[in-house]
Amino acid sequence: MRNLHHISGPIRTAVLLGAFVLLCVQGATAQSDLENVLKQYTETTVKGYIQPMADLFGANMHSGLYPSASVPQTGLSIRLTIVGMGAMVGDDQKNYSLALPPSFAQRTMQAPTVFGPKATVVRDPDTGLEFKPSDGIIDATLFPLAVPQLTVGHIFGTEATVRFITTPSIGSGKFPKTTLWGLGARHSVSQYIPESPVDIAVGFFYSSFTVGDIIDFSGVTIGAQAGKSFGPLDLFGGFSWEKSTMNLSFTPSAAGSPSVNLDLDGENTVRFTAGAGLNLSVIRLYADANFGAVTNFSAGLGFGF
Amino acid sequence: MKSTVVHLLMMTLVLVWGACSIVDPFVIALDLPLDACASINDGSNWNETSTYDIRDEISRISTDYPDKIHATRVNDITVYMPNPPATGTGTGTVRFAFDGGGLTTLLTFTNLPFDSLRGNGISLRSRITNPDQVVFNPAALANLLNVLQDSTGLPHVNTITLSSSGFTSVNVPQGTGICARIHFQADAEIGGE
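So the protein lines, in turn, are chains A and B.
Mapping of the first sequence onto the numbering used here: residues 1 to 305, in sequence order.
Mapping of the second sequence onto the numbering used here: residues 306 to 498, in sequence order.
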């Protein structure tokens, strides 16, 4: 930390935030033990356990993409932003109905999802058999994600954004390598409407996230934003269509079980966004709330010009 | 002002991440089916014996896990045919032994239509729903469950041998098989060190 003192304030803050984000992403994403948990399930039973992650991560992937609705027509601009997102984990995303083995008189049990509590043992009184699913692994009221993103503009009222972060396997293989990347563009619509009282833009973004060897996310969002600036304060809102898919591909650990290759769609397909930002010259801050099937929030801290 | 805003944002991020953590410790319920699968290709008889080292079965998932087991259990006992012929019946016996001891009869089934061996096949519940055709040996069953259902760690046996033998009422085509399975589970506790 002392070695960072000779670096100027905003850059030092960016370095610290970057390190913080790396640490947090490693702590918040899947790990090899998660992969081993998934391998205890079949194609039929794994869906209930992991679906909430598909829903929440899918919603996070498409958040925090813009700090305002304004996209200048011309002028070089480069901005590096650390974006943090969090999706609310609902109580209904902590348990699911899991079919019990054939010999149990009780046909189903409430089993924990990946966000669920400790699992309990179910005992069949007629046969003496016992069954227990795996515990939930992530204890969360808000499921987070963080990523640095670089935005470059502007040509004909267009800017491009890329996101990328990769984290190595740590903890003696407990956490697998993760890689997230995304790219997209926004284009100013209000430039074609000289008298427009507000800034209007449209854009798209594609994201991909790989966790270890068996989980792959991908998603795309297309949306429109409108907003207005009041001095350094930006107010904006947006509407977008999105699709996210979590692909699970693995062979269950139980010998002879058929391989699983399953696509789970995220619950969010449309979202409304409301947000505000502060444009403080080199530093740009923004935060927004997103409402759809999944409610989530994002905030960004950007440096650039 | 800028540094205040930045610090506020960092505190917000810390709070967000504070709302999410990896559960420590957590339990993976390992699915460890113990099978005796026999081929009855182009014939009408089968006889198959398989022996499992319990630690080895757990190590197949992770070599770290055998030392992290804190409970084991049996969640079913089934006999099934993966691809049963349309017509015919099967009659057979399933036996087991611990640590190389003598085989003990666990169950017998008599003249079971192939159709009832489809999918999950017959299970321990079949002794209640179909007592005329599926008979479990109560003492052997109690011993099996007593040994393999351990709430303190690995069972106090190292190996289990499962044997399945019997015959069908008709010659079955190539590719026909029959399996006896003990659905065994072991809880590996991860973290908590």
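The C-beta atom is built at its ideal place from N, Cα and C for all residues, glycine as well.
Short CB-CB distance (under 8 Å) between Q26/A and chain B: Interpretation of Q26/A is limited by its pLDDT of 41, a score under 50 that renders its predicted location unreliable; the figure taken from the coordinates is listed afterwards. Answer no: the Cβ-Cβ gap between Q26/A and chain B never drops below 8 Å.
Cβ closer than 8 Å: which chain B residues qualify as neighbours of V37/A? I333
Distance between L453/B and T81/A (C-alpha atoms, nearest Å): 55 Å
Quick one: does V15/A have its CB under 8 Å from some CB of chain B? Because V15/A carries a pLDDT of 43, less than 50, the predicted location of this residue cannot be relied on, and no value is offered for it.
Determine which residues of the stretch 126-144 of chain A have a Cβ less than 7 Å from any Cβ of chain B, and write them out in chain order. D126, T127, G128, L129, E130, F131, K132, P133, S134, D135, G136, I137, I138, D139, A140, T141, L142, F143, P144
Could you tell me which whole beta strand (DSSP E) segments of length 3 or greater appear in the stretch 331-373 of chain B? 331-344, 348-358
Tell me which same chain residues have a C-beta within less than 8 Å of the C-beta of T306/A, skipping the five on either side of it? Outside the shown range of chain A, which is 1 to 305, sits residue 306/A, and nothing can be said about it.
Please determine, among N261/A, I138/A, D265/A, G275/A, the residue with the shortest C-alpha to C-alpha distance to C325/B. I138/A
Excluding the 5 residues preceding and the 5 following V122/A in the sequence, name in chain order all residues of the same chain whose CB lies nearer than 6 Å to its CB. M109, F131
For V399/B, which residues in the same chain have their Cβ closer than 6 Å to its Cβ, ignoring the five residues on either side in sequence? L411, L412, S469, A485
Near Q490/B, what residues of its chain come up, given a Cβ to Cβ distance below 7 Å and the 5 sequence neighbours on each side ignored? A334, L335, D336, L337, T377, R378, N380
Spell out whether any CB of chain A is found under 8 Å from the CB atom of I487/B. no
Between G48/A and chain B, is any beta-carbon pair separated by less than 8 Å? no
To test your reading of the DSSP string, which unbroken beta strand (DSSP E) runs of 3 or more residues are found completely within the stretch 61-124 of chain A? 77-88, 95-99, 108-112
Applying the criterion that 16 or more other CB atoms from any shown protein chain within 10 Å of the CB defines a buried residue, is I11/A buried or exposed? Because I11/A sits at a pLDDT of 44, beneath the cut-off of 50, its placement in the model cannot be relied upon, and the following sentence gives the value as read from the coordinates. Result: exposed.
Residues near E353/B by beta carbon distance below 6 Å, same chain, minus five either side: A341, A343, S469
Spatial distance of L150/A from D124/A (CA atoms): 56 Å
Counting along the chain, where does the beta strand (DSSP E) carrying L235/A start and finish? 233-250
Nearest to F205/A by CA position, among F272/A, T161/A, A287/A, is which residue? T161/A
The stretch 88-101 of chain A: which residues have C-beta closer than 9 Å to a C-beta of chain B, in chain order? V89, L100, P101
Are the beta-carbon atoms belonging to V89/A and F115/A less than 8 Å from one another? yes
Just the Cα atoms here: how many angstroms apart are A99/A and T383/B? 16 Å
From I374/B to L450/B, what distance separates their C-alpha atoms? 17 Å
Of the residues that make up the stretch 415-439 of chain B, which ones have a beta carbon closer than 7 Å to any beta carbon in chain A? N425, S428, L429, R430, I433
Which whole-angstrom value describes the C-beta separation of S208/A and H62/A, a residue pair presumed to lie in contact below a C-beta threshold of 8 Å? Their Cβ separation, rounded to whole angstroms, is 12 Å, which puts S208/A and H62/A out of contact at 8 Å.
Buried or exposed for Q93/A, please, with buried defined as at least 16 other CB atoms from any protein chain shown within 10 angstroms of its CB. buried
Select from the stretch 337-353 of chain B all residues with a C-beta closer than 8 Å to any C-beta belonging to chain A, and list them in chain order. L337, P338, D340, C342
Measuring straight from C-alpha to C-alpha, what distance separates S70/A and G223/A? 14 Å
Alpha carbon to alpha carbon, how far is V475/B from W351/B? 13 Å
Express the C-alpha separation of P252/A and D361/B in angstroms, rounding to a whole number. 17 Å
Step through the CB atoms of chain B and report whether any lies within less than 8 Å of the CB of G256/A. yes
For K374/A, count neighbouring Cβ atoms within 10 angstroms of its own Cβ and tell me buried if that reaches 16, exposed if not. Nothing about residue 374/A can be reported from this structure: the residues present for chain A run from 1 to 305 only.
Please confirm if N380/B has its CB atom under 8 Å from at least one CB of chain A. yes
Would you tell me roughly how many angstroms separate the C-alpha atoms of G458/B and T464/B, rounded to the nearest one? 15 Å
Taking 8 Å as the threshold (beta carbon to beta carbon), is A119/A in contact with chain B? yes
Answer yes or no: the CB of C325/B versus the heavy atoms of the ligand GDP, is any distance below 7 Å? The model on display carries no ligand, and the ligand GDP is accordingly not part of it.
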